[in-house]
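Number of protein chains: 2
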Amino acid sequence: MSLSDRLSFKDQAFRLREEAVMAATTRLLASKGFDLMTMDDVALEVGISKPSLYKHFKSKEDLATEAMVRLLDGALDFLAGQDAALTPLQRLQDLLAWALRVRLQGGLPFLPSGSPQVRAMLVRSLRYVTRVLKLNGQLDRIVTQAKQQGALRADLPNDVILYNYYSRTCDPAVEYLQLYGKYDSDAIVAHMLSVVFDGLAPPRADSADAG
Amino acid sequence: MSLSDRLSFKDQAFRLREEAVMAATTRLLASKGFDLMTMDDVALEVGISKPSLYKHFKSKEDLATEAMVRLLDGALDFLAGQDAALTPLQRLQDLLAWALRVRLQGGLPFLPSGSPQVRAMLVRSLRYVTRVLKLNGQLDRIVTQAKQQGALRADLPNDVILYNYYSRTCDPAVEYLQLYGKYDSDAIVAHMLSVVFDGLAPPRADSADAG
DNA sequence: AAAAAATGCTACTCGTTAGTAAAAGAGAAT
DNA sequence: ATTCTCTTTTACTAACGAGTAGCATTTTTT
Numbered sequence: 001m002s003l004s005d006r007l008s009f010k011d012q013a014f015r016l017r018e019e020a021v022m023a024a025t026t027r028l029l030a031s032k033g034f035d036l037m038t039m040d041d042v043a044l045e046v047g048i049s050k051p052s053l054y055k056h057f058k059s060k061e062d063l064a065t066e067a068m069v070r071l072l073d074g075a076l077d078f079l080a081g082q083d084a085a086l087t088p089l090q091r092l093q094d095l096l097a098w099a100l101r102v103r104l105q106g107g108l109p110f111l112p113s114g115s116p117q118v119r120a121m122l123v124r125s126l127r128y129v130t131r132v133l134k135l136n137g138q139l140d141r142i143v144t145q146a147k148q149q150g151a152l153r154a155d156l157p158n159d160v161i162l163y164n165y166y167s168r169t170c171d172p173a174v175e176y177l178q179l180y181g182k183y184d185s186d187a188i189v190a191h192m193l194s195v196v197f198d199g200l201a202p203p204r205a206d207s208a209d210a211g
Numbered sequence: 001m002s003l004s005d006r007l008s009f010k011d012q013a014f015r016l017r018e019e020a021v022m023a024a025t026t027r028l029l030a031s032k033g034f035d036l037m038t039m040d041d042v043a044l045e046v047g048i049s050k051p052s053l054y055k056h057f058k059s060k061e062d063l064a065t066e067a068m069v070r071l072l073d074g075a076l077d078f079l080a081g082q083d084a085a086l087t088p089l090q091r092l093q094d095l096l097a098w099a100l101r102v103r104l105q106g107g108l109p110f111l112p113s114g115s116p117q118v119r120a121m122l123v124r125s126l127r128y129v130t131r132v133l134k135l136n137g138q139l140d141r142i143v144t145q146a147k148q149q150g151a152l153r154a155d156l157p158n159d160v161i162l163y164n165y166y167s168r169t170c171d172p173a174v175e176y177l178q179l180y181g182k183y184d185s186d187a188i189v190a191h192m193l194s195v196v197f198d199g200l201a202p203p204r205a206d207s208a209d210a211g
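Chains as they are written, first to last, in full-length UniProt numbering: chain A, 1 to 211; chain B, 1 to 211.
In structure tokens, the structure reads:
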């Protein structure tokens, strides 16, 4: 309603196409990576021609960066929308589950895996860096809270925990297990969460009290 | 001696250069990835010209595949050379530590992270596939042994354990923590091993006996 | 010492891809 | 209805990268 009133048909179509472009970019970035994703790929997938892309985004760099920004905004929104009653540990677990599901549906990981070039490209973008710092700050606080509650290991520095956490969203294990076809998304998410927080070794009942 | 006797100067130089080519390829593959590594890069790093590379390897694909094959051979050698007295868990931990150190020194990860194209390329190579199957088989047996000894969680399928294990060798967390400069290699390896096997959550002393 | 064989290098080809210019087309305003 | 503006497209350019042809050089062999 409010859209149709204010915007012309052309503008509406333009916005819709922009969303389609973002969706295609995200999918292609996640599957092929930045280097192998061509602007022609994106154009073809959206069903428009390459120069039209440049009406929306001024470069490939811009396009890719925007995709990452949207992912991080999604994560920040997810955090902001979480139930206040949740424990810090549950907040972390739920966010990771969300990120893994995003990934399993063809979305992007939190960390740009791979080449320093891509990292450098992202860091050039203020829009991107802002989000990273915000997410980092929020998660760092939650990790500290979880440690205070005894829900995360106090012997690990926060950054070690955080990078281990982030990196799980681009863990190839997810991809490979999905490729297998043996497990559905729920099973993969459950397994991954279990492994991240509890580890591959069984709980050692003798560790705390026995000695 | 035996080399100088049988091989001409030319042949010796040729072999030495071939090693230099492999070393450069490995380093560049690890840092830039397959797509961004150019044959000119390799040639420049070795100090020879591009066409000379093609006397050693018939294509970029060949070159990259050979680098992966050597890594896997290294892993298989490491396994073969392990002390027979080691527990299965220790064997897994030591191999992972070895792989992480390789990675921290600019080497390749076990899993080709990223694009399906690269995966497809590797799978085309029989030399590569042979090694993968061999390593998979050996590690699968060790994992089963470790489970029987209660050293690994029996509730996780072997393949879930294995892919989580493999994927740690290309975990960006390693890269990022190294980038930080705050931790030395030993600390990073120790932290990673600890996280992989024990998880981010503290041991739950109440889990097995209390209920 | 001279011919023979093999390697290394300079200078190319061909294909691919990011990005652009100018024409063609569709919607909006008078 | 007609003009005006904005968008879309076809057809390009420029750069880069994989792989090659043919010449120069160097080692080996007779």
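Cβ atoms here follow ideal geometry from the backbone N, Cα and C, with glycine treated the same way.
Per DSSP, what kind of secondary structure is residue i in: helix, strand or coil?
| i | result |
| --- | --- |
| residue 183 of chain A | coil |
| residue 155 of chain B | coil |
| residue 47 of chain A | coil |
| residue 212 of chain A | Any property of residue 212 of chain A remains undetermined from this structure, which presents chain A solely from 1 to 211. |
| residue 137 of chain A | helix |
| residue 25 of chain B | helix |
| residue 169 of chain B | helix |
| residue 116 of chain A | helix |
| residue 204 of chain A | coil |
| residue 85 of chain A | coil |
| residue 209 of chain B | Unreliable positioning characterises residue 209 of chain B in this predicted model, as indicated by a pLDDT of 42, which lies under 50. A coordinate reading is not provided. |
| residue 124 of chain A | coil |
| residue 65 of chain B | helix |
| residue 1 of chain A | For residue 1 of chain A, the predicted structure reports a pLDDT of 40, less than 50, and the residue's modelled location is therefore unreliable. A value from the coordinates is still provided. Here residue 1 of chain A sits in coil by DSSP. |
| residue 130 of chain A | helix |
| residue 33 of chain B | coil |
| residue 197 of chain A | helix |
| residue 77 of chain A | helix |
| residue 58 of chain A | coil |
| residue 144 of chain A | helix |
| residue 14 of chain B | helix |
| residue 93 of chain A | helix |
| residue 110 of chain A | coil |
| residue 178 of chain A | helix |
Using the Cβ count rule (16 or more neighbours within 10 Å means buried), how would you classify residue i?
| i | result |
| --- | --- |
| residue 131 of chain A | buried |
| residue 208 of chain B | At residue 208 of chain B the pLDDT is 45, less than 50, meaning the model places this residue with poor confidence and gives no usable figure here. |
| residue 9 of chain B | exposed |
| residue 115 of chain B | buried |
| residue 88 of chain A | buried |
| residue 51 of chain A | exposed |
| residue 147 of chain B | buried |
| residue 84 of chain A | exposed |
| residue 63 of chain B | buried |
| residue 156 of chain B | buried |
| residue 120 of chain B | exposed |
| residue 75 of chain B | buried |
| residue 11 of chain B | exposed |
| residue 187 of chain A | exposed |
| residue 3 of chain A | Bear in mind that a pLDDT of 42 at residue 3 of chain A, under 50, signals an unreliable position, so the model cannot answer this. |
| residue 80 of chain A | exposed |
Would you mind stating whether residue i and residue j have Cβ atoms separated by less than 7 Å?
| i | j | result |
| --- | --- | --- |
| residue 128 of chain B | residue 65 of chain B | yes |
| residue 204 of chain A | residue 202 of chain B | no |
| residue 37 of chain B | residue 28 of chain B | yes |
| residue 173 of chain A | residue 167 of chain B | yes |
| residue 189 of chain A | residue 100 of chain A | yes |
| residue 170 of chain B | residue 111 of chain B | yes |
| residue 162 of chain B | residue 139 of chain B | yes |
| residue 39 of chain A | residue 53 of chain A | yes |
| residue 185 of chain A | residue 104 of chain A | yes |
Roughly how far, in whole angstroms, is the beta-carbon of residue i from the beta-carbon of residue j, given that I think they are within contact range, below 8 Å?
| i | j | result |
| --- | --- | --- |
| residue 200 of chain B | residue 124 of chain A | 32 Å between Cβ atoms; not a contact. |
| residue 158 of chain B | residue 143 of chain B | 5 Å |
| residue 34 of chain B | residue 102 of chain B | No, residue 34 of chain B and residue 102 of chain B are not in contact; Cβ-Cβ is about 18 Å, not under 8 Å. |
| residue 72 of chain B | residue 135 of chain B | 6 Å |
| residue 68 of chain B | residue 122 of chain B | 6 Å |
| residue 31 of chain A | residue 106 of chain A | 7 Å |
| residue 20 of chain A | residue 46 of chain A | 5 Å |
| residue 196 of chain A | residue 177 of chain B | Actually they do not touch by this definition, with Cβ atoms about 16 Å apart. |
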